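S.K.: Here this note's numbering is used: the first residue of the sequence shown is 15, the next is one more, and so on.
So that we are looking at the same thing, I have put the structure below in structure tokens.
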Amino acid sequence: MKARAIGAGAGLLTLMMLSGCASGPDNESLCATVSGYQMPDESQGLYRAVVTHLNGKPVISRPNYRLTPGEYQFTLAELIDSPRLKVKLAARKTKTLTLHLEANQRYHLAAQFNQDKIYRGLDSDYWQPVVWVQESHECEFLSESN
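Set out below in structure tokens:
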């Protein structure tokens, strides 16, 4: 009688595990896209920015980064081309933006030029990295068999 009860319990456990696997979405293929290729609206103080590091590791800048959902740190360099920017070249340093990426979303990065005052000298507070647009975007990693 004990052997029959253990066998039935093992069968039930196996069935529950298999149904859990079959009913859930394939989260491994879901992704989010982070983009820096679109020209933001300069009239709103937004300028292009390029990614130099991802999670502290240097990267070759590219228009799109397709990533699994989760938290990431992007280090960006601003490309602000404004006659109002009066800081020295040494003040033009990279800044880090931490994002929690959600599946099927696209995040457009930009440099927000703070135009509340004229920044001069070595003052690096003249800009900050921002997401200027977040939009729905189907994103899926393709399997290697396709």
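Virtual Cβ for every residue (Gly too), placed ideally from N, Cα, C.
Note that this is a predicted model, so its numbers are computed, not measured.
Roughly how many angstroms separate the alpha carbons of Ser75 and Gln52, rounded to a whole number?
M.R.: Taking the straight line from one Cα to the other gives about 14 angstroms.
S.K.: Looking at the structure shown, is Leu103 part of a helix, part of a strand, or coil, going by DSSP?
M.R.: helix
S.K.: Return the first residue and the last residue of the beta strand (DSSP E) that Pro97 is part of.
M.R.: Counting along the chain, Pro97 falls outside any beta strand (DSSP E), and DSSP gives it neither H nor E.
S.K.: Quick check for students: name the residue ranges of the beta strand (DSSP E) that lie wholly in the region 112–143, counting only runs of 3 or more.
M.R.: 119–127
S.K.: Taking the beta carbon of Ala63 as the centre, do at least 16 other beta carbons fall within 10 Å, making it buried, or is it exposed?
M.R.: Within a 10 Å sphere around the beta-carbon of Ala63 sit 16 or more other beta-carbons, which makes this residue buried.
S.K.: Drop a sphere of 10 angstroms on the beta-carbon of Tyr140, count the other beta-carbons inside from all chains shown, and report buried for 16 or more, exposed for fewer.
M.R.: buried
S.K.: In the DSSP assignment, the beta strand (DSSP E) including Phe88 goes from what residue to what residue?
M.R.: Gly84 to Glu92
S.K.: Could you name the residues of the same chain whose beta carbon sits closer than 7 angstroms to that of Glu154, not counting the 5 residues immediately before and after it, in chain order?
M.R.: Ser43, Leu44 and Cys45
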